[in-house]
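See structure below.
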Amino acid sequence: GAVVSQHPSWVICKSGTSVKIECRSLDFQATTMFWYRQFPKQSLMLMATSNEGSKATYEQGVEKDKFLINHASLTLSTLTVTSAHPEDSSFYICSAGWGTHSNQPQHFGDGTRLSIL
Amino acid sequence: AQSVTQPDIHITVSEGASLELRCNYSYGATPYLFWYVQSPGQGLQLLLKYFSGDTLVQGIKGFEAEFKRSQSSFNLRKPSVHWSDAAEYFCAVGDGGTYKYIFGTGTRLKVLA
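Below, the structure is given as structure tokens:
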């Protein structure tokens with residue numbers, strides 16, 4: 001149980017294009033979803049927290065207009081990297097949980113490796 | 118402010134040997150603690166969690182962790198390591214007021230045949 005699917009797993013695109021990453025909870029309703037960014041050999045950096053039907057809460061230093069997050073349903077959240085540039089290349093991971101409090105574990109997707117040429 | 122420290126960046130053990138990965142946290146109240154494992158190029162898998170109660174927590178894949186409040190530690194252990202355990206291990210503390218995690222910097226485990 002508690003499976004989170006992330007798609008695509010790998011994307012390569014040209015500089016200036018927009019890229020959409022999907023995060024789906026397959027067997028539970030995700031009240032809350034999180035988007036992380038991970039640089040090589042580093043820990044996860046939380047980008048934003050999204051709750052179904054409301055605007056995402058971004059962490060300090062994360063550009064809201066660059067990283068658009070939509071949490072349209074209890075099973076789907078999307079991250080769109082707009083006008084992507086090489087510095088946006090990274091490993092993006094989503095997680096989901098059915099609670100609103102840390103006493104419920106987050107369940108992670110397998111990540112998306114984004115490479116901007 | 119809450120924080121998580123994993124003092125060991127890399128650890129190398131021989132297959133069959135015992136393993137202990139260290140995690141220290143700083144948190145004002147009773148923490149929610151987690152250990153996750155990440156294989157290369159993949160997401161994170163939950164190994165075990167501690168919320169309250171018994172301070173020795175059993176997880177998947179033969180792992181266990183012990184919560185020691187006096188030492189602010191939540192070390193992960195396994196009595197006999199398998200080659201498939203080679204991965205990156207992250208300790209995390211849940212921010213009780215929200216649903217956010219604070220992750221440690223991770224420990225990369227290498228297993229020698």
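Protein chains in written order, with my numbering: chain A, 1 to 117; chain B, 118 to 230.
Heads up, the beta-carbon is just placed ideally off N, CA and C, and yes, glycines get one too.
For the options 221/B, 136/B and 201/B, the alpha carbon positioned closest to that of residue 119/B is the one of 221/B.
When Cβ-Cβ separations below 9 Å define contact, residue 194/B makes no contact with chain A.
Taking C-beta separations shorter than 7 Å and ignoring five residues to either side along the sequence, the partners of residue 35/A in its chain run 47, 48, 69, 79, 92 and 94, following chain order. Cβ contact annotation for residue 16/A (same chain, cutoff 8 Å, sequence separation greater than five): 83, 84 and 85, in chain order.
Ranked by Cα distance from residue 50/A, the first of 66/A, 77/A, 67/A and 26/A is 77/A. Beta-carbon to beta-carbon, residue 117/A and residue 88/A are separated by about 11 Å, too far to satisfy the 8 Å threshold.
Assignment of residue 188/B by DSSP, reduced to helix, strand and coil, places it in the helix class. The stretch 55-70 of chain A and the stretch 129-140 of chain B do not touch, with fewer than 3 CB-CB distances between them shorter than 8 Å. Contact check between the stretch 141-154 of chain B and the stretch 203-215 of chain B: three or more CB pairs, one atom from each, fall below 8 Å, which counts as touching. The secondary-structure analysis by DSSP pairs residue 208/B across a beta bridge with 152/B. Interface annotation, residue 149/B: in contact with chain A, CB-CB separation under 9 Å. Beta-bridge analysis with DSSP links residue 10/A to 113/A. By the neighbour-count criterion, in which 16 or more other beta carbons inside 10 Å mark a residue as buried, residue 37/A falls on the buried side.
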